[in-house]
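Novice: Quick one: structure below, then a few questions.
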Amino acid sequence: MSTETAVKAAPAAKPAASRGSGILLAVTGIITLAGIALWAYQLTRGLIVTDMRNLTSWGLYIGTFTFFVGLSAGGLIIASIPRVFGLAGFKSVSKIAVWSSICCTVLAVALVVVDLGHPERIWHLVAYSNFTSPLMWDIIVITVYLIVSVVYLRATMRAEKGEGSEKALKVLSVVALSCAILVHSVTAWIFGLQIGRAFWNTALMAPVFITSALVSGLALVLVITLVLQKTGYLKRDQDMVTRMAGMLGVFVIVELFLFFCELLTAGYPAAGMEFETVKAMLAGPLAPMFWTEIVSGVLAAALLIGKKTAAVPALAGAGAALALLGAFIQKYEMLVSGFQFPNLTYWSVPTGPAAWSAGALVYLPTATEAGIVLGIAALGVFILTLGLKKLALKPAE
Amino acid sequence: MANKRLGMVIDAKRCIGCHTCAMACKVENNLPDKNWWNRALTIGGEEMDTPEGVWPNTTIAHVTLACQHCENPACVKVCPVGATYKREEDGVVIQDYDKCIGCRYCMAACPYTGVRVFNWEKPKYQVEFPVGDSNVPAHQKHTVEKCTLCAHRLAQGLQPACVEVCPARARFFGDFNDPESEVSQLLLKRGHFQLLPEKETNPSVYFLS
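Going down the list, the protein sequences come from chains A and B.
So for the first sequence, this note's numbering puts the first residue at 1; every next one is plus one.
So for the second sequence, this note's numbering puts the first residue at 1; every next one is plus one.
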């Protein structure tokens with residue numbers, strides 16, 4: 001959702017960059033305020049206005065939260081890996097990548113807050129911390145991660161002005177990279193360590209999350225780069241775009257491969273809840289999501305790896321957008337598939353969606369949920385644009 | 001003295017699926033509309049209380065389902081603020097409404113379908129006055145709740161309400177750490193099972209088969 005907004009809204013900045021970005025800020029600002037109003041409505045009426053219920057206790061908010069953590073981690077990994085290993089990186093966009101990471105982390109935190117029943121009790125997390133909870137680990141790691149990202153961005157800016165040592169920056173980039181990998185691993189463990197949901201309980205969860213972070217993070221950076229090259233914020237650098245696109249294409253293929261490993265392992269026994277989930281993905285209630293993910297992944301890989309297609313900004317952009325779409329659906333589908341099949345299916349007084357008997361999807365977000373998520377995405381574009389305008393994110397000449 | 005491990009034994013052969021335990025729980029704990037802490041599940045046909053098969057070859061059985069007060073609870077580990085915790089002295093898993101931040105991680109973590117309920121809106125009730133025991137903590141909007149093993153009754157030395165009312169006398173309450181207790185003796189004498197044993201949570205609710 002955020003990516004759509006970014007792709008559609010950003011070209012508005014073309015004619016007169018500053019007036020364009022002004023309009024963009026106004027529009028996204030209004031959408032953000034509308035989102036806040038919807039959140040107030042949700043708090044007043046209760047979470048009953050969502051489609052979440054007792055047997056589908058998480059939905060779009062937590063699904064999108066994992067997506068934004070991925071975007072954030074991916075952006076920072078892309079920015080810091082070249083410095084850590086002394087590779088030729090994407091230097092001209094590395095500050096922008098770190099800034100987009102910071103924005104996405106803020107959005108991830110916002111998504112957890114709107115999901116909470118008692119956001120006013122959020123201080124309980126500090127006062128009554130329970131350190132066996134992966135959610136607690138995540139909160140700690142995200143906080144550290146946010147601080148490290150900001151410090152890293154500042155250090156990069158200082159280094160460009162010739163202040164601070166190159167060595168300190170390198171150490172910092174190692175810390176940042178470790179945090180980025182950890183933050184998404186821990187987010188994966190929120191699900192992967194759970195015995196209660198068959199399709200979540202897999203050791204592959206963290207590697208899958210890291211891969212999809214690389215996919216979505218790099219895709220977002222590529223989209224932003226293409227847009228900024230078009231508006232003249234960045235200089236055209238086709239060589240860098242082609243390298244980014246090729247790398248992204250490979251990540252998409254790795255992502256698809258890991259997904260295939262998971263499905264094969266789950267489906268091969270040909271019985272049990274994991275098998276049922278695979279069936280539901282291939283031809284069942286989860287199929288629309290599943291096939292969109294596969295088709296967008298394959299198309300994205302083809303567009304991005306092909307040298308000729310990657311050379312056309314619109315096609316490279318489309319490939320990146322498809323990769324983002326696939327990564328989003330993957331997270332969302334992972335979440336819903338955990339709830340699609342209850343462990344105890346015997347009939348009783350109604351406790352959950354009647355969808356099981358109908359073989360339909362157990363959860364579909366309401367307009368309120370979609371509106372709140374759209375508001376948060378708009379907030380992301382808002383602070384991203386604000387940063388591009390106010391901070392020294394342009395590459396040094 | 002060693003800690004207790006309080007729990008229940010439910011005789012699946014005696015259970016007649018009358019839902020009295022579910023109703024007693026609802027009244028005793030003043031449960032809001034749509035909330036059930038204890039339910040009778042039908043092992044049978046396509047609807048509640050319908051048998052499987054074609055007459056005269058039909059079968060039907062019931063298991064009642066509430067919080068299993070697991071010895072190794074999945075919910076306690078994941079709660080970020082310790083709002084759900086296992087009491088050291090008797091193994092009862094409790095939910096602290098005032099601590100709960102409403103993140104619903106425990107609901108995602110618990111393998112036992114539907115034993116944890118969330119108040120998705122301001123609690124609504126069928127009658128205008130509270131029913132049941134006045135020692136039951138007030139229900140709160142946006143918090144998770146579940147069977148407390150009638151902690152308020154245990155504090156008064158009483159048995160859980162569902163055990164008290166069972167017309168078929170299919171429910172037994174006691175301490176599994178005491179080999180002389182009625183529940184321990186029943187497990188010695190009769191074949192029994194727990195729900196979802198493969199999840200390794202070791203529920204403190206056993207069914208006699």
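From the three backbone atoms N, C-alpha and C, an ideal C-beta is built for every residue, glycine too.
Computed from a predicted structure; not experimentally measured.
I need the DSSP call for ALA88(A), collapsed to helix, strand or coil.
Specialist: Position 88 of the first sequence, counted from the start, is the residue given in the question as residue 88(A). Reduced to three states, the DSSP call for ALA88(A) is coil.
Novice: Are the Cβ atoms of ILE94(B) and LEU125(A) separated by less than 9 Å?
Specialist: One-based indexing of the second sequence puts residue 94(B) at position 94. One-based indexing of the first sequence puts residue 125(A) at position 125. Their beta carbons are not under 9 Å apart, which means ILE94(B) does not touch LEU125(A) by this criterion.
Novice: So which of ARG19(A), ASP239(A) and VAL106(A) has the shortest CA-CA distance to ALA377(A)?
Specialist: By one-based count along the first sequence, residue 377(A) stands at place 377. Here the closest residue by C-alpha is VAL106(A).
Novice: Quick one: list the residues of chain B neighbouring MET425(A), beta-carbon separation under 7 Å, in chain order.
Specialist: This structure cannot settle anything about residue 425(A), because the visible part of chain A is limited to 1 through 397.
Novice: Would you decide whether GLY272(A) is buried or exposed? Buried here means 16 or more other CB atoms lie within 10 Å of its CB.
Specialist: Residue numbering aside, residue 272(A) sits at position 272 when the first sequence is read from its first letter. With fewer than 16 Cβ atoms within 10 Å of its Cβ, GLY272(A) is classed as exposed.
Novice: Could you tell me whether the Cβ atoms of VAL141(A) and SER80(A) are closer together than 9 Å?
Specialist: Here the question's residue 141(A) lines up with position 141 in the first sequence. Here the question's residue 80(A) lines up with position 80 in the first sequence. Against a cut-off of 9 Å, the Cβ pair of SER80(A) and VAL141(A) comes out as no contact.
Novice: Between VAL165(B) and chain A, is the shortest Cβ-Cβ distance under 9 Å, so that the two count as touching?
Specialist: Mapped onto the second sequence, residue 165(B) falls at position 165. VAL165(B) does not count as touching chain A.
Novice: Buried or exposed for ASN57(B), please, with buried defined as at least 16 other CB atoms from any protein chain shown within 10 angstroms of its CB.
Specialist: In the second sequence, residue 57(B) corresponds to position 57, counting from 1. It is exposed - the Cβ of ASN57(B) has fewer than 16 other Cβ atoms within 10 Å.
Novice: Using the three-state DSSP reduction, which class does HIS192(B) fall into: helix, strand or coil?
Specialist: Here the question's residue 192(B) lines up with position 192 in the second sequence. Of the three classes helix, strand and coil, the one that applies to HIS192(B) here is strand, per DSSP.
Novice: Distance check for TYR152(A) and LEU172(A), CA to CA, integer angstroms please.
Specialist: Residue numbering aside, residue 172(A) sits at position 172 when the first sequence is read from its first letter. Residue numbering aside, residue 152(A) sits at position 152 when the first sequence is read from its first letter. One C-alpha to the other measures close to 6 Å.
Novice: On the premise that ILE31(A) lies in contact with LEU303(A), defined as a C-beta separation below 8 Å, what is that separation, rounded to the nearest angstrom?
Specialist: Indexing the first sequence from 1 puts residue 303(A) at position 303. Indexing the first sequence from 1 puts residue 31(A) at position 31. Their Cβ separation, rounded to whole angstroms, is 29 Å, which puts LEU303(A) and ILE31(A) out of contact at 8 Å.
Novice: With 8 Å as the C-beta to C-beta threshold (strictly closer), list the residues of the segment 129-152 of chain A near chain B in chain order.
Specialist: SER129, ASN130, THR132, SER133, PRO134, LEU135, MET136 and ILE139
Novice: Can you tell me whether GLY192(A) is buried or exposed? The criterion is at least 16 other CB atoms within 10 Å of its CB, across all chains shown.
Specialist: The residue you call residue 192(A) lines up with position 192 of the first sequence. Looking at its Cβ environment, which holds 16 or more other Cβ atoms inside 10 Å, GLY192(A) is buried.
Novice: Sort ALA24(B), ARG14(B), ASN72(B) and HIS19(B) by Cα distance to ALA161(B) and report the nearest one.
Specialist: Against the second sequence, residue 161(B) aligns to sequence position 161. Considering only alpha carbons, the answer is ALA24(B).
Novice: Using a Cβ cut-off of 9 Å (strictly closer), state whether TYR105(B) contacts chain A.
Specialist: In the second sequence, counting from the first residue as 1, residue 105(B) sits at position 105. With 9 Å as the cut-off, TYR105(B) counts as an interface residue toward chain A.
Novice: Let me check understanding here. Comparing Cα to Cα, which of LEU226(A), THR56(A) and LYS235(A) lies closest to MET107(B)?
Specialist: Position 107 of the second sequence, counted from the start, is the residue given in the question as residue 107(B). Put simply, of LEU226(A), THR56(A) and LYS235(A) the residue whose alpha carbon is nearest the alpha carbon of MET107(B) is THR56(A).
Novice: Give me the DSSP bridge partner(s) of GLU166(A).
Specialist: Sequence index remark: in the first sequence, residue 166(A) carries index 166 (1-based). Answer is none; GLU166(A) lacks a bridge partner.
Novice: Can you grab the Cα-Cα spacing for the pair PRO22(B) / LYS99(B), in whole Å?
Specialist: Translated into the one-based positions of the second sequence, residue 22(B) becomes position 22. Translated into the one-based positions of the second sequence, residue 99(B) becomes position 99. Correcting the residue identity first, residue 22(B) is Ala in this sequence and not Pro. Taking the straight line from one Cα to the other gives about 27 Å.
Novice: Name the two residues that bound the continuous beta strand (DSSP E) containing ASP11(B).
Specialist: Your numbering for residue 11(B) matches position 11 in the second sequence. 6-11 is the span of the beta strand (DSSP E), which, as asked, contains ASP11(B).
Novice: Express the C-alpha separation of SER178(A) and ILE60(B) in angstroms, rounding to a whole number.
Specialist: Reading the second sequence from its first residue, position 60 is the one you call residue 60(B). Reading the first sequence from its first residue, position 178 is the one you call residue 178(A). Straight through space, the alpha carbons of SER178(A) and ILE60(B) are spaced by roughly 56 Å.
Novice: Could you give the uninterrupted runs of the alpha helix (DSSP H) lying entirely in the segment 42-117 of chain A, keeping only those of 4 residues or more?
Specialist: 60-85 and 94-115
Novice: Using 9 Å as the limit for Cβ to Cβ distance, is CYS147(B) near chain A?
Specialist: In the second sequence, the residue the question calls residue 147(B) occupies position 147. No, no contact with chain A.
Novice: Which residues in chain B have a C-beta closer than 7 Å to the C-beta of TRP58(A)? List them in chain order.
Specialist: For the purposes of this step, residue 58(A) is identified with residue 58 of the first sequence, where counting begins at 1. By Cβ distance, chain B contributes ARG104 and ALA108.
Novice: Taking C-alpha atoms, which residue in SER204(B), CYS150(B), GLY7(B) and GLN126(B) lies nearest to ASP133(B)?
Specialist: Taking the first residue of the second sequence as position 1, residue 133(B) is located at position 133. Among SER204(B), CYS150(B), GLY7(B) and GLN126(B), the Cα nearest to that of ASP133(B) belongs to CYS150(B).
Novice: Around the C-beta of LEU47(A), are 16 or more other C-beta atoms found within 10 angstroms, so that it is buried, or is it exposed?
Specialist: As a working note, residue 47(A) is residue 47 in the first sequence. Answer is buried; the Cβ neighbour count reaches 16.
Novice: With the cut-off set at 9 Å, would you say ILE78(A) and ALA108(A) are in Cβ contact?
Specialist: Reading the first sequence from its first residue, position 78 is the one you call residue 78(A). Reading the first sequence from its first residue, position 108 is the one you call residue 108(A). No. Outside cutoff.
Novice: Per DSSP, which residues does ALA40(B) bridge with? Please list them.
Specialist: Position 40 of the second sequence, counted from the start, is the residue given in the question as residue 40(B). Answer is THR64(B).
Novice: Pick from GLY164(A), PHE131(A) and ILE383(A): whose alpha carbon is nearest that of VAL27(A)?
Specialist: For the purposes of this step, residue 27(A) is identified with residue 27 of the first sequence, where counting begins at 1. Per the Cα distances, ILE383(A).
Novice: Applying the 10 Å Cβ sphere with the 16-neighbour rule, what's the burial state of LEU361(A)?
Specialist: Here residue 361(A) is taken as the residue at index 361 of the first sequence, counted from 1. Looking at its Cβ environment, which holds 16 or more other Cβ atoms inside 10 Å, LEU361(A) is buried.
Novice: If you draw a straight line from the C-alpha of GLY35(A) to the C-alpha of GLY371(A), how long is it?
Specialist: In the first sequence, the residue the question calls residue 35(A) occupies position 35. In the first sequence, the residue the question calls residue 371(A) occupies position 371. Taking the straight line joining both Cα atoms gives about 6 Å.
Novice: So, do the segment 194-210 of chain A and the segment 258-271 of chain A have three or more beta carbon pairs nearer to each other than 8 Å?
Specialist: With the cut-off at 8 Å, the segment 194-210 of chain A and the segment 258-271 of chain A touch.
Novice: Is the distance from the Cβ of ILE102(A) to the Cβ of LEU146(A) below 9 Å?
Specialist: Here residue 102(A) is taken as the residue at index 102 of the first sequence, counted from 1. Here residue 146(A) is taken as the residue at index 146 of the first sequence, counted from 1. One thing to note: ILE102(A) has its Cβ within 9 Å of the Cβ of LEU146(A).
Novice: Counting only beta-carbon atoms, is GLY117(A) nearer than 9 Å to chain B?
Specialist: Taking the first residue of the first sequence as position 1, residue 117(A) is located at position 117. Yes, GLY117(A) lies at the interface with chain B (some Cβ there is under 9 Å from its Cβ).
Novice: Assuming LEU6(B) contacts ASP90(B) (C-beta within less than 8 Å), just tell me the rounded distance between them.
Specialist: Counting from one through the second sequence, the residue named residue 6(B) turns up at place 6. Counting from one through the second sequence, the residue named residue 90(B) turns up at place 90. At roughly 5 Å, the Cβ-Cβ gap stays under 8 Å, so LEU6(B) and ASP90(B) are in contact.
Novice: Determine contact between the segment 171-187 of chain B and the segment 73-81 of chain B, defined as no fewer than three beta-carbon pairs at a distance below 8 Å.
Specialist: no
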